[in-house]
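Novice: My structure is below; once you've seen it, I'll send some questions.
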Amino acid sequence: MHPWLAQRTTAFESSGIRKVFDLAAKLKDPINLSIGQPDFDVPDEIKTAATDAINEGKNAYSPTQGIGPLREKLKATIDSQFAHADRDVFVSSGTSGGLMLAMLSMINPGDEVIYLDPYFVMYPALLEMCGGVSVRVDSSPDFRLNPDKIAAAITPRTKMILVNSPANPTGITASVEELEAVAKLAAEKNIALLSDEIYSRFMFDEDFVSPAKFNDQTIVIDGFSKSHAMTGWRVGYVHGPSEVIAAMLKVQQYSFVCSPQPAQWGALRAMEVNLSGHIDDYRRKRDLICEGLADYYEFAKPGGAFYLYPKAPIDSGSKFVEMAIERGLLIIPGKIFSQHDSHFRISFAASDETLHRGIKVLQDLARELK
Ligand SMILES: Cc1ncc(COP(=O)(O)O)c(C=O)c1O
């Protein structure tokens, strides 16, 4: 290790995903089903709102908590959903920025944080940077949020339960009953409940319900990256109890400073954009991939997000992904999101043509490996 590097940089590694991208870089015309962002472009009216903001000189720092009109609009929407007396909101530098601030503001060294395995790759890394301890609850084979398993993982050191529904990498959505049970469990035990709702707009079969409905202390993180294809714009938001939000703002002030101001004006416009066409399209893509693979792979049907998490037909998920990549199909080994090397992640945020090509490679591979 280089003598200048801090210990915290060694607590996690990024080599797994890099290996996939290195392999991908060698492919000529890859069938890319690895990308965790929508395949549509930012809607035109959002682009116009952001470029207008730039041309009108709205290029300086914004207030730490975000531009007034966006914050007010978010606050009005949140208040209409929850009517919690003590719920405050601020604009973060993407959902990732919100996650980082949540960890820095709430996790002391040695604090335990419970979340499901498989998980979004950023969770263990962020936690370990803060000296937190990951307590991973194995959610296989159905990848559901099982309140009994969560309850069994609680110890006197548990500081936080982190839920993510719809989930990356499985696309599984928690039921209202599961969310209610976990939300009430956290309240009863006085444990922080952090809800990563970045895929809340991508619900295919049911309406989205936040655990904040059942626990007024829930800290919710959401953003515009996935819903409006604005991953590079870095606009997210966090709402929760005002004292926690104030602490997160203090950390934002001395780190991210603010979300980029022109992007915030774009996000304000984004709140008026009707996404139903895109959601319908992604539901259709979900059905297309599920039907194409149903006879060949074991998987739990995703109710949201844009991921499918099938079991590899051989023992090693990463070996299987290498075989797929050799055939030009880019997918992600489950090992990156899990302690188990048994599954792989497909993103169906891709054109129909790409999806059809990917399904064909996967069908052929399954037949070969039988
Ligand atoms: C579960 C989950 N949370 C958060 C993020 C980060 O999103 P953002 O672009 O808003 O930082 C992602 C992105 O892949 C995600 O999958």
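The UniProt record's numbering applies: residue 1 is where the sequence shown begins, and numbers increase by one. Glycine residues also receive a C-beta, built at the ideal position from the N, C-alpha and C atoms.
Using a threshold of 7 angstroms, is the CB atom of Ser225 nearer than that to any non-hydrogen atom of ligand 1?
Specialist: One-based indexing of the sequence shown puts residue 225 at position 225. Indeed, a heavy atom of ligand 1 lies less than 7 angstroms from the Cβ.
Novice: Taking the CB atoms as reference points, tell me whether Asn32 and Ala350 lie closer together than 8 angstroms.
Specialist: Working through the sequence shown from its first residue, we reach residue 32 at position 32. Working through the sequence shown from its first residue, we reach residue 350 at position 350. In this structure, Ala350 lies closer than 8 angstroms to Asn32 by Cβ.
Novice: Using the DSSP secondary-structure output, state which residues sit across from His343 in a beta bridge.
Specialist: Counting from 1 along the sequence shown, the entry for residue 343 is found at position 343. Lys311, per the DSSP bridge assignment.
Novice: Do three or more CB pairs link the stretch 121-131 to the stretch 175-192 at distances below 8 angstroms?
Specialist: Touching, no.
Novice: Does the beta-carbon of Phe90, which I'm using as the reference point, lie nearer than 7 angstroms to any heavy atom of ligand 1?
Specialist: In the sequence shown, counting from the first residue as 1, residue 90 sits at position 90. Answer for Phe90: no, Cβ out of range of ligand 1.
Novice: Measure the C-alpha to C-alpha separation of Arg284 and Leu162 and round it to an integer number of angstroms.
Specialist: Counted from its first residue, the sequence shown places residue 284 at position 284. Counted from its first residue, the sequence shown places residue 162 at position 162. C-alpha separation (whole angstroms): 30 angstroms.
Novice: Just verifying my parser: in three-state terms, what is the DSSP assignment at His278?
Specialist: Counting from 1 along the sequence shown, the entry for residue 278 is found at position 278. Reduced to three states, the DSSP call for His278 is helix.
Novice: For Val89, which residues does DSSP report across the bridge?
Specialist: To locate residue 89, count along the sequence shown from 1; it is residue 89. Note: Val89 sits in a beta bridge opposite His239.
Novice: Using the beta-carbon count (16 or more within 10 Å), is Ala246 buried or exposed?
Specialist: Position 246 of the sequence shown, counted from the start, is the residue given in the question as residue 246. The residue in question, Ala246, is exposed, as its Cβ has fewer than 16 Cβ neighbours within 10 Å.
Novice: Looking only at its chain, what residues have a beta carbon closer than 8 angstroms to the beta carbon of Tyr115, apart from the 5 residues adjacent to it on each side?
Specialist: The residue given as residue 115 occupies position 115 in the sequence shown. Once the five neighbours on either side are set aside, the close Cβ partners of Tyr115 are Tyr123, Ser134, Val135, Arg136, Val137, Ile161, Leu162, Val163 and Asn164.
Novice: Start and end of the alpha helix (DSSP H) containing Val176?
Specialist: As a position in the sequence shown, residue 176 is number 176, starting the count at 1. Val176 to Lys189 is the span of the alpha helix (DSSP H), which, as asked, contains Val176.
Novice: Classify Gln65 as buried or exposed, calling it buried when 16 or more other Cβ atoms lie within 10 Å of its own Cβ.
Specialist: What you label residue 65 is simply residue 65 of the sequence shown in a count that begins at 1. Its Cβ being crowded by 16 or more others within 10 Å, Gln65 is buried.
Novice: Out of Glu197, Glu206, Asp364 and Ala153, point me to the one whose CA is closest to Ile191's CA.
Specialist: Counted from its first residue, the sequence shown places residue 191 at position 191. When only C-alpha atoms are compared, the closest one is Ala153.
Novice: Looking only at C-alpha atoms, which of Thr77, Thr158, Lys28 and Asp88 sits nearest to Val244?
Specialist: Indexing the sequence shown from 1 puts residue 244 at position 244. Among Thr77, Thr158, Lys28 and Asp88, the Cα nearest to that of Val244 is on Asp88.
Novice: Measuring only from the beta carbon, is Asn32 closer than 7 angstroms to any heavy atom that is part of ligand 1?
Specialist: Position 32 of the sequence shown, counted from the start, is the residue given in the question as residue 32. Flag unset: Cβ of Asn32 not near ligand 1.
Novice: Measure the C-alpha to C-alpha separation of Leu193 and Ser80 and round it to an integer number of angstroms.
Specialist: By one-based count along the sequence shown, residue 193 stands at place 193. By one-based count along the sequence shown, residue 80 stands at place 80. Their Cα atoms are separated by approximately 21 angstroms.
Novice: Please work out which residues of its chain come closer than 6 angstroms, Cβ to Cβ, to Gly240, disregarding the five sequence neighbours upstream and downstream, and give them in chain order.
Specialist: Here residue 240 corresponds to residue number 240 of the sequence shown, with the count starting at 1. Ile219, listed in sequence order.
Novice: If you draw a straight line from the C-alpha of Ser105 to the C-alpha of Trp233, how long is it?
Specialist: Residue mapping note: residue 105 aligns to position 105 of the sequence shown, counting from 1. Residue mapping note: residue 233 aligns to position 233 of the sequence shown, counting from 1. Ser105 and Trp233: Cα-Cα distance of roughly 24 angstroms.
Novice: From Leu5 to Ala11, what distance separates their C-alpha atoms?
Specialist: Counting from 1 along the sequence shown, the entry for residue 5 is found at position 5. Counting from 1 along the sequence shown, the entry for residue 11 is found at position 11. Using only the alpha carbons, I get a separation of about 12 angstroms.
Novice: Taking the beta strand (DSSP E) that Glu112 falls in, what are its first and last residues?
Specialist: As a working mapping, residue 112 is identified with position 112 in the sequence shown. Element bounds for Glu112: Glu112 to Asp117.
Novice: Would you say the beta carbon of Asp117 comes nearer than 7 angstroms to a heavy atom of ligand 1?
Specialist: Taking the first residue of the sequence shown as 1, we reach residue 117 at position 117. Every heavy atom of ligand 1 is 7 angstroms or more from the Cβ of Asp117, so no.
Novice: If I'm right that Val91 touches Ser227 with Cβ under 8 angstroms, what's the distance once you round it to whole angstroms?
Specialist: For the purposes of this step, residue 91 is taken as the residue at position 91 of the sequence shown. For the purposes of this step, residue 227 is taken as the residue at position 227 of the sequence shown. Contact flag wrong, Cβ pair sits at about 15 angstroms.
Novice: Report the residue from Asp39, Gln261 and Thr173 whose alpha carbon sits nearest the alpha carbon of Ala60.
Specialist: Numbered from 1 along the sequence shown, position 60 holds the residue referred to as residue 60. Checking every option, the nearest Cα to that of Ala60 belongs to Gln261.
Novice: Along the chain, where does the alpha helix (DSSP H) that runs through Thr64 open and close?
Specialist: In the sequence shown, counting from the first residue as 1, residue 64 sits at position 64. Unbroken run through Thr64: none, as it is neither H nor E.
Novice: Report the rounded CA-to-CA distance for residue 389 versus Ser140, giving the unit in angstroms.
Specialist: Residue 389 lies beyond the range of the chain shown here (1 to 370); nothing can be said about it.
Novice: Where do the ends of the alpha helix (DSSP H) carrying Val257 lie?
Specialist: Here the question's residue 257 lines up with position 257 in the sequence shown. Segment: none, Val257 is in no alpha helix (DSSP H) and carries neither H nor E.
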